[in-house]
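Notes to accompany the following structure.
Numbering (the working numbering), first residue to last: 19 to 163.
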């Protein structure tokens, strides 16, 4: 009878496990003001956008309270909340940090990648956000604060 109880508990625990093994995380390295430098990728790497060829200056401000603001040509375009989670990447099959933003304006979405795998390289003061699928695009930002 005791074994049946253990099996029942084990069964309940296994049922409560979620297939999405994502874990919300906090990274102080990502917090700050970032200026968009380029977006590239797409099929055969044909997409290449910069502030120079789009006439758009975009700043992304990631705050420690998980709020963000996007400035487009030095005017607030949109703000909201963001989350950073660890989950398995489709491309790398490794656990990566992903950023998810609540609301993205269509104008910003057509120029920069604001959701996907996020990496910060402190040695170059750079932040990269890359889409997690084949032929995806990626955007590069440079720390400005």
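From the three backbone atoms N, C-alpha and C, an ideal C-beta is built for every residue, glycine too.
Helix, strand or coil, according to DSSP, for residue i in the structure here?
i: residue 124; result: helix
i: residue 79; result: strand
i: residue 85; result: strand
i: residue 142; result: helix
i: residue 60; result: coil
i: residue 68; result: coil
i: residue 46; result: helix
i: residue 93; result: strand
i: residue 147; result: strand
i: residue 153; result: coil
i: residue 200; result: With the chain covering 19 to 163 only, the question about residue 200 has no answer from this structure.
From residue i to residue j, what does the alpha carbon distance come to, in whole angstroms?
i: residue 77; j: residue 146; result: 14 angstroms
i: residue 64; j: residue 81; result: 33 angstroms
i: residue 55; j: residue 108; result: 26 angstroms
i: residue 111; j: residue 59; result: 20 angstroms
i: residue 148; j: residue 154; result: 7 angstroms
i: residue 162; j: residue 141; result: 14 angstroms
i: residue 103; j: residue 57; result: 22 angstroms
i: residue 143; j: residue 66; result: 21 angstroms
i: residue 69; j: residue 50; result: 20 angstroms
i: residue 99; j: residue 61; result: 30 angstroms
Looking only at DSSP bridge pairs, what is residue i linked to?
i: residue 161; result: 52
i: residue 134; result: 117
i: residue 99; result: 85
Less than 8 angstroms between the C-beta atoms of residue i and residue j, yes or no?
i: residue 119; j: residue 136; result: no
i: residue 89; j: residue 74; result: no
i: residue 86; j: residue 97; result: yes
i: residue 16; j: residue 157; result: An answer regarding residue 16 cannot be provided, because it is not within the stretch 19 to 163 covered by the chain.
i: residue 151; j: residue 52; result: no
Using 8 angstroms as the limit for Cβ to Cβ distance, is residue i near chain B?
i: residue 158; result: Among the protein chains of the structure shown there is no chain B, as only one such chain exists.
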